[in-house]
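Residue 148 is where the sequence shown ends in the numbering used here, and the numbering goes up by one at each step.
Backbone N, C-alpha and C define an ideal beta-carbon position, used for all residues, glycine too.
Treat the numbers as computed from the prediction; the structure is a model and nothing was measured.
Structure, as structure tokens:
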Amino acid sequence: MKPKSPRSLDAIFQAQPSPLAHLICHARRLDRITKLLAALLPQPLAGHCRAGNVVGTSLVIVSDSPVWAARLRFLTTELLTRLNEERDLPPLTRLRIKVVPPLQEPGLSPRPRLGLSPKAGAVINDAADCINNPKLSSALRRLSRHAR
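Encoded structure:
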């Protein structure tokens, strides 16, 4: 018996239609539309928009910030016309713009907390000793206790 040669996943999915095959086909279609959007939109707007979904005759375009979404909304009429000129897309009657901020990696804070060095704390404490105003002196001492 001759051993079977390996087949590509594309060949397997085409031979047996399945939900996974449908999902892969849909993802590829969205990728093609995203590339088309990148070609049709001006820079730098193109880098902030991607195809999110096609539902019936509506195309959902996802933007990574409200600012870019607002700029995209100004171009929807022209963009819809140009997208309908493409042969491999279904006829579109509506563009919907959604804002989805980019995902941030879990566990990473947006920026590190700033703190006082021990040397800076000592300098602030010394300054508090030289100040005649009791409220200011007290505030500086409290601040100096934040030294790490």
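Residue nearest to residue i in terms of C-alpha spacing, selected from the options
| i | options | result |
| --- | --- | --- |
| L41 | T77, P91 and D88 | T77 |
| L95 | I124, K119 and I61 | I61 |
| L89 | V99, P101, L30 and Q104 | L30 |
| P101 | P6, C49 and Q43 | C49 |
| L153 | A139, R71, C130 and T57 | A question about residue 153 goes unanswered here, because the residues of the chain that appear run from 1 up to 148. |
| R71 | L136, Q43 and K135 | Q43 |
| V55 | G47, H26 and R73 | H26 |
Proximity of residue i and residue j at Cβ, strictly below 8 angstroms
| i | j | result |
| --- | --- | --- |
| E85 | L36 | no |
| S144 | N125 | yes |
| T34 | A11 | no |
| G115 | R148 | yes |
| P134 | V99 | no |
For residue j and residue i, believed in contact at Cβ under 8 angstroms, the rounded distance
| i | j | result |
| --- | --- | --- |
| L83 | L45 | The Cβ separation is near 15 angstroms, so there is no contact. |
| A120 | I97 | With a Cβ gap of about 48 angstroms, A120 and I97 do not count as contacting. |
Status (buried if at least 16 other CB within 10 Å, exposed otherwise) for residue i
| i | result |
| --- | --- |
| S117 | exposed |
| L79 | buried |
| L20 | exposed |
| A15 | exposed |
| S5 | exposed |
| S162 | Because the chain spans 1 through 148 in this model, residue 162 falls outside it and cannot be assessed. |
Report task. Starting from the N-terminal side, write out each stretch of the alpha helix (DSSP H) that is 4 residues or longer and does not extend beyond the stretch 34-112. Result -> The qualifying runs are 66-74 and 76-84.
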